[in-house]
Amino acid sequence: MILDLKKLKLRSVNEKLQNIDRKKNKRDFVISNPEGNHAVCAGLTENIDVTIKGHVGYYCAGMNQNANIIVDGNVGTGVAENMMSGKVHVKGNASQSAGATAHGGTLIIDGDASSRCGISMKGIDIIVKGSVGHMSAFMAQSGNLVVCGDAGEALGDSLYETDIYVKGKVKSLGADCEEKKMSKKHKTKLKELLKKAGSNIKPEQFKRYGSARKLYNFNIDNVSNY
Amino acid sequence: MCGIVGIYLKSKKFEKSLGGMLSKMLVSMESRGPDSAGFAIYKSDKNKIYKYSICLNDMSFEKFKNEIKKKVKLTNVEKNSDHVILKSIEKPNKILPILEDFSTISLVGYGKSIEIFKQVGSPSNVVKKFNLDNFSGTHAIGHTRMATESAITTDGSHPYSTGEDECLVHNGSLSNHNNLRRKLKKNGSKFSSDNDTEVAAGYISDSLKKRNLKQTLNKGLSDLDGFYTFIAGTHSGFAVLRDEIACKPAVIAETKDYVAISSEFQAMAHLPNVNNAKIFEPEPGIVYSWGK
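Chains as they are written, first to last, in numbering that gives the first Met the number 0: chain A, 0 to 225; chain B, 0 to 291.
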């Protein structure tokens, strides 16, 4: 079913996709002419397929649950922010804060993601085939961030427990983020993630970064700094 | 918040439709800036005539026309709503003091190619009022304002022009503008408002005396404290700069015919052939420039 945003109001398109009749079999949707609109496909809850033909604005596929959303274009700030489950695949580039605070599901970005990719992520798997900007995985708590290109400044600053895999160069690591050993368990997981994104790159080409866990508790020796 | 937009034409193909392209961009950025709007449009500057863009405020057009004709010979005055474009072969050092004597009007910009129009009200009303759709030109910059640092007035609207054929639009706010304003005033710069962006425009004009635009903006990275996406225009093109932590958004679309920049992609969704454009976000702390 084609939903043309030149003819239909954004709100009515989102309402339609948010209220799928489970008794009917319609599960395939195409959104045409998104023209940079914000919050396209926000708050979907059913296992449906939606393809967005073109570039979208902010918070596309935000809070997604179960839906499989493909964006054939670029996305603005906060794609798949607070996603719970399902899959979001961006074929172009993503702006900042991609996958922010998301609890689950998979976000695949074929191009680059800009700054703060995976900020405060809480369980989502993010695979970026290009590079990510500064402060990516800032305060990330759980899940995996895979970067096939380079990472910008302060990667993984104030990190909790997310695993970060980067193939290219890391401009700098943030506070409490350090390079970690890549064990067999991690290679298996990374291979699985890359496969999900349709990538054949070998896990051995990546480095793993994680939390040094030094910020978990206040170090009394630092008391004079405050 | 605020919305900023700009188009630089790489070929002559769209020169006649430049106003219409910019107008749609401004209107779609209304949600980011409903308080006031303005635009600077550059036309080719082959002749020696200077253009002075003036907001008349409360003064009537007839009165201004009569009085200016007494003081400046060989002038032409064109009315566009509450603005006028005063055209003269007389140089700014002669005209500017004369205009200063008119206490009620505001000079919003001057140069051989630039024309500036700005006013309070929603962007859709402002573009209609000045008939932006009918403008042609080589490049143009626009702004929709959500007022934060100073009052909603014509003087508080963007673009700011503090030098010949120069202008600046800004999304963000500066925290060291009072100190910087004092310093620049000591060097002879003049300011007409309490606005932070006007200080940045003054800073750029002051620096352009010694440096080119790219060098100026690179120096601005250390001298201007705050968050910003700037578009700075000159007679030949414009440059874009985002602060180093990328507080404010910007997206660029480039085709063989034009370069467009805006705060959000939706402002560019209507541009010709935009779906085949190279679309990217300018990286923070890097100066991007087109033209000379």
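For every residue, glycine included, the Cβ atom is placed at its ideal position computed from N, Cα and C.
Q: Measure how close the beta-carbons of Ile126 of chain A and Val145 of chain A come, nearest whole angstrom, since I'm counting them as under 8 Å.
A: Taking 8 Å as the upper bound for CB-CB distance, Ile126 of chain A and Val145 of chain A are in contact here, some 4 Å apart.
Q. DSSP three-state call for Ala266 of chain B: helix, strand or coil?
A. helix
Q | Which of helix, strand or coil DSSP assigns to Ala259 of chain B | A | strand
Q: Let me know the beta strand (DSSP E) ranges lying completely inside the region 10-70 of chain B, each 3 residues or longer, listed in chain order.
A: 35-41, 49-54
Q) What are the boundary residues of the alpha helix (DSSP H) that includes Arg115 of chain A? A) Premise fails: Arg115 of chain A is in no alpha helix (DSSP H) and is neither H nor E.
Q.
Does the CB of Glu280 of chain B have a neighbour CB from chain A at under 8 Å?
A. yes
Q) Just checking, does the region 171-189 of chain B make contact with the region 60-74 of chain B on the three C-beta pairs under 8 Å criterion? A) no
Q: Would you please verify whether the beta carbon of Glu263 of chain B is less than 8 Å from any beta carbon of chain A?
A: yes
Q) Using a Cβ-Cβ distance under 8 Å, would Pro248 of chain B count as near chain A? A) yes
Q.
Rounded to the nearest angstrom, what separates Ser368 of chain B and Met138 of chain A at their Cα positions?
A. Given a span of 0 to 291 for chain B in the structure shown, any question on residue 368 of chain B remains unanswerable.
Q) Does the beta-carbon of Ile219 of chain A have 16 or more other beta-carbons within 10 angstroms, so that it is buried, or is it exposed? A) Under this definition Ile219 of chain A is an exposed residue.
Q) Since Cys246 of chain B and Arg144 of chain B are thought to touch, with beta carbons under 8 Å apart, how far apart are those beta carbons, to the nearest angstrom? A) Between Arg144 of chain B and Cys246 of chain B the Cβ distance is about 17 Å, and since that is not below 8 Å, they are no contact.
Q.
With H, G and I counted as helix, E and B as strand and the rest as coil, what does DSSP make of Ala150 of chain A?
A. Ala150 of chain A: strand per DSSP, three-state reduction.
Q | Contacts of Asn274 of chain B in chain A (Cβ-Cβ under 9 Å) | A | In chain order, Gly53, His54, Gly72 make up the part of chain A whose C-beta sits under 9 Å from the C-beta of Asn274 of chain B.
Q | Buried or exposed (CB count within 10 angstroms, at least 16 for buried), Leu73 of chain B | A | So Leu73 of chain B counts as exposed.
Q) Which of the residues in the region 22-46 of chain B, read from start to end, lie with their CB under 7 Å from any CB of chain A? A) none
(Q) Among the candidates B:Ser204, B:Asn175, B:Leu25, whose CA atom is the shortest distance from the CA of Asn186 of chain B? (A) Of the candidates B:Ser204, B:Asn175, B:Leu25, the one whose C-alpha sits nearest the C-alpha of Asn186 of chain B is B:Ser204.
Q: Tell me, please, whether the CB atom of Asn13 of chain A is closer than 8 Å to any CB atom in chain B?
A: no
Q. Can you find a CB in chain A that lies within less than 8 Å of the CB of Ala245 of chain B?
A. yes
Q. For a contact meaning CB atoms closer than 7 Å, what does Glu34 of chain A contact in chain B?
A. Gln265, Ala268
Q) How far does the alpha helix (DSSP H) with Asp205 of chain B in it reach, from first residue to last? A) 195-207
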